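Residue numbers (our numbering), protein chains in the order written: chain A, 160 to 381; chain B, 160 to 381.
Note that the Cβ used here is the ideal one computed from N, Cα and C, for glycine as well.
Quick caveat, the model's predicted, so the values are computed rather than measured.
For reference, the structure is listed below as structure tokens.
Number of protein chains: 2
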Amino acid sequence: MSTDQTRLAILAAAERLYADRGFGEVTLRDIVAAAEVNLAAVNYHFGSKEDLIAELYVSRSVALNRERLTELKAAEDAGGGRAAVEAVIAALVGPPLRGCLGPDRQRSAAARFMVRASAESVPVIRRIRTREIGHLRRFAAALRRALPGLPEADIYWALHFALAMTHETINGAERLQRLSGGACDLDDVAGIVARIATTVVQALAADTTAAAPPRRAARPRA
Amino acid sequence: MSTDQTRLAILAAAERLYADRGFGEVTLRDIVAAAEVNLAAVNYHFGSKEDLIAELYVSRSVALNRERLTELKAAEDAGGGRAAVEAVIAALVGPPLRGCLGPDRQRSAAARFMVRASAESVPVIRRIRTREIGHLRRFAAALRRALPGLPEADIYWALHFALAMTHETINGAERLQRLSGGACDLDDVAGIVARIATTVVQALAADTTAAAPPRRAARPRA
DNA sequence: GATAGTTTCATACAGTTGTTTGAATTGCAA
DNA sequence: TTGCAATTCAAACAACTGTATGAAACTATC
């Protein structure tokens, strides 16, 4: 078996297991069993368990950020360099939501892995996670262009809340479904993205109503 | 040392350590060291590590829910049996936020423990957590009274988002502070509660006004 | 102050964890 | 083929995990 095959098999198995069970409930032996490779392969190819997690997180983080920025760029280009607030938020929350939810159950392990990494406290990941800040500043700038004059704090609260709703929706999807007795449709991903975007827009609009009248956006519903 | 003293010392130490480091990074030996009791005391008094966590979670969960319901009841009584949406949300998110944030750094370990328990995937807690649903139904009913005619799904999405913003604000307080360069004041707890409540209210308001003109909001696509 | 019932303690236990080792196997260039 | 490096493998390693044991220390009752 070629080197890359083993490496990729380990990465894929680790990603899936961590996404499914969480970091605390997965051992190296679980991973190598799922990847069908020898136990020593992990240390041979990655050095240590921590290094494996780090490489996994970095690579998936890069991919997610690229996806988000591509969508943001498209929205800005379509709007002549300035994207609407809804579009900025949708670019931020769309990729993870589409990757984790949806009816076709083709839910990507990568997206679920990233959300787990956001929620659980793993020292290695916590150490790396600082980079995310730089990435979010790009979205802060987009919001600043969309709503000139908005206080800086409101911009960051908006991004923060958007991510909050996204993560909790993914992690707590089952609870929400049970709580609502099925009234909340977790398969309508586009609707969820729109709902989160609208919520953020409304909050920001309410903030600026000090001078201007509130603008109301319709929310698409099934 | 009396029995209760040892029990309470263990519970307090476990709560603080789990709140500080997360469930995956704390061993029984860490706990008994912090509590200054013998290793065997945990199994003697609680039966097992799982039982300790379960008892800890249940007791703190009961206390948190009581605090929330007291606040909700007070708001309903003040409003003649019907509380405003802001008050309902404030009763839901106020207790954990006040317990976890604030300038006096008198942040309670109990509140942080509960938020950790919400975020991380611990089998024991996951098993118990079903009760929370019954508790949330009480708040759903309060929202229903506050906004008659609101679709059921919207009620549950509102509660879900309120909890989402609360948890992420507590868990990601440090990141938000760094991201915003200090622009977001994490010490102004009352302001945060109000911000979350306002966000939910605005989102719900947008929903009812949009009921008349059913148009689709623009969804950004590449 | 002897007795019986709790509670503490040092210690050991069996199982699991991540990691290492050195020999076997493979892949590939000369 | 031969030779050599890269990779795989079974096995063992030390460290750590939660748990159990039995003797010691304590507490309260008679």
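In terms of beta-carbon proximity, Ala-222 (chain B) stays away from the interface with chain A, with every pair separated by 8 Å or more. The beta carbon of Asn-330 (chain A) is closer than 7 Å to those of Val-274, Ala-278 in its chain, skipping five residues each way along the sequence. The Cβ atoms of Leu-318 (chain A) and Leu-223 (chain A) lie no closer than 8 Å to each other.
Between the region 339-351 of chain B and the region 302-311 of chain B, the count of Cβ pairs shorter than 8 Å is below three; the stretches do not touch. Counting only Cβ-Cβ distances below 8 Å, Arg-334 (chain A) has contacts in chain B at Arg-288, Glu-291, Ile-292, in chain order.
Contact annotation for Gly-183 (chain B) against chain A: Phe-182, Gly-183, Glu-279, Ser-280, Val-281 [CB-CB distance below 8 Å, chain order].
Residue burial is scored here from C-beta neighbours: Asp-163 (chain B) has fewer than 16 other C-beta atoms within 10 angstroms and is therefore classed as exposed. Comparing alpha-carbon positions, the option among A:Val-244, A:Ile-190, A:Glu-174 lying closest to Leu-309 (chain A) turns out to be A:Val-244. Relative to the Cα of Ala-362 (chain B), the nearest Cα in the group B:Ile-314, B:Glu-327, B:Leu-170 belongs to B:Ile-314. Here Leu-256 (chain B) is buried, its C-beta having at least 16 other C-beta atoms within 10 Å. Annotation: Cβ neighbours of Ala-312 (chain B) in chain A (cutoff 7 Å, chain order): Ser-339, Ala-342, Cys-343. Neighbourhood of Phe-320 (chain B) in chain A, by CB distance below 9 Å: Phe-320, Ala-323, Met-324, Glu-327, Thr-328, Arg-354, Ile-355, Thr-358, in chain order. Within the same chain, and ignoring the five residues on either side of Ala-200 (chain A) in sequence, the residues whose Cβ sits closer than 7 Å to its Cβ are Thr-165, Ile-169, Val-191. Fully enclosed alpha helix (DSSP H) runs of no fewer than 4 residues occupy 268-278, 282-287, 290-305 of the region 259-305 of chain B, in order along the chain. Rounded to the nearest angstrom, the Cβ distance from Gly-258 (chain B) to Ala-270 (chain B) is 3 Å, consistent with a contact under 8 Å. Taking 3 residues as the minimum length, the region 170-216 of chain B contains no beta strand (DSSP E) run wholly inside it. Under the three-state reduction of DSSP output, Pro-310 (chain A) falls in the coil class, being neither helix nor strand. Chain B places no beta carbon closer than 8 Å to that of Gln-164 (chain A), leaving this residue out of the contacts. Ranked by Cα distance from Ala-268 (chain B), the first of B:Ala-353, B:Arg-180, B:Ser-207 is B:Arg-180.
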